[in-house]
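Enquirer: Per UniProt numbering, the sequence shown starts with residue 1, numbered consecutively. Have a look at this one.
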Amino acid sequence: MSAAFRHVYFIGGFDPKSAAHYHRLYRQAVQGRTASPAGETVTVGTQRQQIGHLHRWEVAWQAPGQASCRTRYGVFSWHDVVQAHWPGPLGRALRDYLQVYGRAGTDGTFARVRRAAPAAFWLAVFPFGVACAALGAGAGLGAWAATASGAASASLGALAGLATALLPWRGLVRLLDAEWLLRLYGFTFAQARGRLPDLEARLDAFARELVADAEQAREAGVRELLVVAHSTGAILATDMLDRALRLAPWLGREGPQLGLLTLAHCTPILAYQPAAGAYRAALDRLAAHPGLHWLDVSAPSDWAAFARVTPWGGPATPRLQQRSPRFHQAMDAAQYQRLLRRRHELHMQYLKSTPRVGFYDAVALTAGPDTLATQMARPWTATASGDARPSPHPAPDSSAPA
Numbered sequence: 001m002s003a004a005f006r007h008v009y010f011i012g013g014f015d016p017k018s019a020a021h022y023h024r025l026y027r028q029a030v031q032g033r034t035a036s037p038a039g040e041t042v043t044v045g046t047q048r049q050q051i052g053h054l055h056r057w058e059v060a061w062q063a064p065g066q067a068s069c070r071t072r073y074g075v076f077s078w079h080d081v082v083q084a085h086w087p088g089p090l091g092r093a094l095r096d097y098l099q100v101y102g103r104a105g106t107d108g109t110f111a112r113v114r115r116a117a118p119a120a121f122w123l124a125v126f127p128f129g130v131a132c133a134a135l136g137a138g139a140g141l142g143a144w145a146a147t148a149s150g151a152a153s154a155s156l157g158a159l160a161g162l163a164t165a166l167l168p169w170r171g172l173v174r175l176l177d178a179e180w181l182l183r184l185y186g187f188t189f190a191q192a193r194g195r196l197p198d199l200e201a202r203l204d205a206f207a208r209e210l211v212a213d214a215e216q217a218r219e220a221g222v223r224e225l226l227v228v229a230h231s232t233g234a235i236l237a238t239d240m241l242d243r244a245l246r247l248a249p250w251l252g253r254e255g256p257q258l259g260l261l262t263l264a265h266c267t268p269i270l271a272y273q274p275a276a277g278a279y280r281a282a283l284d285r286l287a288a289h290p291g292l293h294w295l296d297v298s299a300p301s302d303w304a305a306f307a308r309v310t311p312w313g314g315p316a317t318p319r320l321q322q323r324s325p326r327f328h329q330a331m332d333a334a335q336y337q338r339l340l341r342r343r344h345e346l347h348m349q350y351l352k353s354t355p356r357v358g359f360y361d362a363v364a365l366t367a368g369p370d371t372l373a374t375q376m377a378r379p380w381t382a383t384a385s386g387d388a389r390p391s392p393h394p395a396p397d398s399s400a401p402a
């Protein structure tokens, strides 16, 4: 069998779902996709190969009168790391509240997030608002009940009400899924401070496995190596790719083209933290690497993404681009309004298909006959958003708390 046209290395976000979940999503995206005027068919193989942490399957793109384009699609698995840090007991959740809202609220992280992405800021403080509302209501009702009953101390009543409100608060949090971004901030808080040795070891392993696979791909004549990341997976992908380039500076200069596709990026969640100087330096090195083409696709309507700032921390160039998926144009108005009411589904839409042809197309970007560099050289029907601005990730004052 001939060599694949490209190798894809996908990293998902902070979610305890395995590679099988992303295989199902990709297959569904292909099944729901409308073919282009070329009339291509796309087939997705079974998830059948695992090498190290990389779970793989084959994708074939076939257009009439053209040679088949094969992609070897892989998912770098880190769901076990996420599971190990997924808050369970109340004590761990309270620790995250203290670390995130106590430290990020005072070291300037949230202030930087608010300036860059107001919607992402309000989404980040939403869990704190829910906690204050639920516990405050419980304390207030307890104090009122104590006073109305003639009890000696309204303070004791307030404490009793606060304790009583704990269960309703936790139930409300689960109902609203209010803490998913808190979990992420708590995780990146620890990451910025080097407190996640299991994550560091996994990123090193990813980098070594990518380089080993790239060496084989170079010998086999593979055309493109494409790193794809969704949501906070963009943080891991950029860190991993920087490590890989330090191991193999030839990547993108010799052999296959090197591309990085980030979807709904959240790099400022880490980059804006004062303690994350090493990560900001990694972003700078990536942006400066002449052999890398980097496309970020983030929607301004997605509150969980940083669509109005660039993930690499500088202005756009021909090989560093940021575009909007223009979901509002890629589907009908009713579909889009329904998507806006379901924020988590909107954040996952980047991994799904849309009914209209010529717009953002996750399948064509990762399995089509053109490399990422070629696709970046021409506009989509939904052209670049034009409203992204550089996010310089300035190193905070060294006197800021770490």
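In this text, a Cβ means the ideal position worked out from N, Cα and C, and glycines have one as well. Values in this document were obtained by computation on a predicted structure and should not be read as measured data.
Look at the alpha carbon of S298 and the alpha carbon of P325, and state the distance between them as a whole number of angstroms.
Expert: 7 Å
Enquirer: Between the alpha carbons of V113 and L181, how many angstroms are there, rounded?
Expert: 13 Å
Enquirer: Taking 7 Å as the limit between beta carbons, can you name the residues of its chain near W312, skipping five residues before and five after?
Expert: If the five residues before and after W312 are omitted, its C-beta is found closer than 7 Å to the C-beta atoms of L283, L286, A287, W294, L320, all from its own chain and listed in chain order.
Enquirer: Could you tell me whether the region 365-378 touches the region 342-354, where touching means 3 or more Cβ pairs closer than 8 Å?
Expert: no
Enquirer: Work out the CA separation of P16 and A190 for me, nearest whole Å.
Expert: 18 Å
Enquirer: Please report how far the alpha carbon of A244 lies from the alpha carbon of Q62, in whole angstroms.
Expert: 32 Å
Enquirer: Please state whether DSSP places G221 in a helix, a strand or coil.
Expert: Here G221 carries a coil assignment [DSSP, helix/strand/coil].
Enquirer: Ignore the nearest five residues each way along the sequence and tell me which others in F5's own chain have a CB closer than 8 Å to its CB.
Expert: C69, R70, T71, V222, R223, E224, P369
Enquirer: Could you work out which residue in R280, G314, A275, S353 is closest to D296 when comparing CA atoms only?
Expert: G314
Enquirer: Which residue wins for smallest C-alpha separation from R218, given the options A248, D239, P197?
Expert: A248
Enquirer: Helix, strand or coil for A377 per DSSP?
Expert: Coil.
Enquirer: Kindly indicate which three-state DSSP category E254 falls into: helix, strand or coil?
Expert: strand
Enquirer: Tell me which residues share the same chain as L236 and place their Cβ nearer than 6 Å to its Cβ, disregarding the 5 neighbours each side in the sequence.
Expert: I11
Enquirer: Less than 8 Å between C-beta atoms, sequence neighbours within five positions excluded: which residues of the same chain meet that for R195?
Expert: none
Enquirer: According to DSSP, what are the bridge partners of T41?
Expert: Q62
Enquirer: In the structure shown, what three-state DSSP assignment does F76 receive?
Expert: strand
Enquirer: Rounded to whole angstroms, what's the CA-CA distance from M331 to P197? Just pull it up for me.
Expert: 43 Å
Enquirer: Could you tell me whether the region 256-269 touches the region 32-43, where touching means 3 or more Cβ pairs closer than 8 Å?
Expert: no
Enquirer: Kindly indicate which three-state DSSP category C132 falls into: helix, strand or coil?
Expert: Annotated three-state conformation of C132 is helix, per DSSP.
Enquirer: Find the nearest neighbour of L199 within the set F14, Y9, H7, Q337, judged by alpha-carbon distance.
Expert: F14
Enquirer: Which one of F187, Q83, Q349 has the shortest CA to CA distance from R95?
Expert: F187
Enquirer: In or out: G129 buried (at least 16 other Cβ within 10 Å) or exposed?
Expert: exposed
Enquirer: Between the C-alpha atoms of L123 and L339, what's the straight-line distance to the nearest angstrom?
Expert: 17 Å
Enquirer: Looking at C-alpha atoms only, which residue of A214, A220, A271 is the closest neighbour of A116?
Expert: A271
Enquirer: Are the C-beta atoms of P274 and some chain D residue less than 8 Å apart?
Expert: Within the model displayed, chain D is absent; a lone protein chain is all it includes.
Enquirer: Just to confirm my understanding: we take A19, look at its own chain, exclude 5 residues before and 5 after, and list those with CB closer than 6 Å. What are they?
Expert: H55, V75, S77
Enquirer: Check for me: the alpha helix (DSSP H) holding D296 runs from which residue to which?
Expert: Unbroken run through D296 is the beta strand (DSSP E), 292-297; no alpha helix (DSSP H).
Enquirer: Could you please give the first and the last residue of the uninterrupted alpha helix (DSSP H) stretch that includes F10?
Expert: Note, F10: premise wrong, no alpha helix (DSSP H); beta strand (DSSP E) at 6-11.
Enquirer: To the nearest angstrom, how far is it from the Cα of Q99 to the Cα of M240?
Expert: 26 Å
Enquirer: Rank Y97, G291, E209, T310 by C-alpha distance to the C-alpha of I51 and give the top, closest one.
Expert: E209
Enquirer: Tell me the rounded alpha-carbon separation between L184 and P64.
Expert: 45 Å
Enquirer: Look at Y350 and A362 and say whether their C-beta atoms are less than 8 Å apart.
Expert: Taking 8 Å as the Cβ cut-off, Y350 and A362 qualify as a contacting pair.
Enquirer: Taking all protein chains shown into account, decide if T41 is buried (16 or more other Cβ within 10 angstroms of its Cβ) or exposed.
Expert: Burial call: exposed.
Enquirer: By Cβ distance below 7 Å, which residues in the same chain neighbour V82 in space, the five residues on each side in sequence not counted?
Expert: Cβ neighbours of V82 within its own chain (closer than 7 Å, five residues either side excluded): F14, D15, P16.
Enquirer: For V44, which option in H53, V59, Q31 has the closest C-alpha, if you only look at C-alpha atoms?
Expert: V59
Enquirer: DSSP state of W57, grouped into three classes?
Expert: In the structure shown, W57 adopts extended strand secondary structure according to DSSP, grouped into three states.
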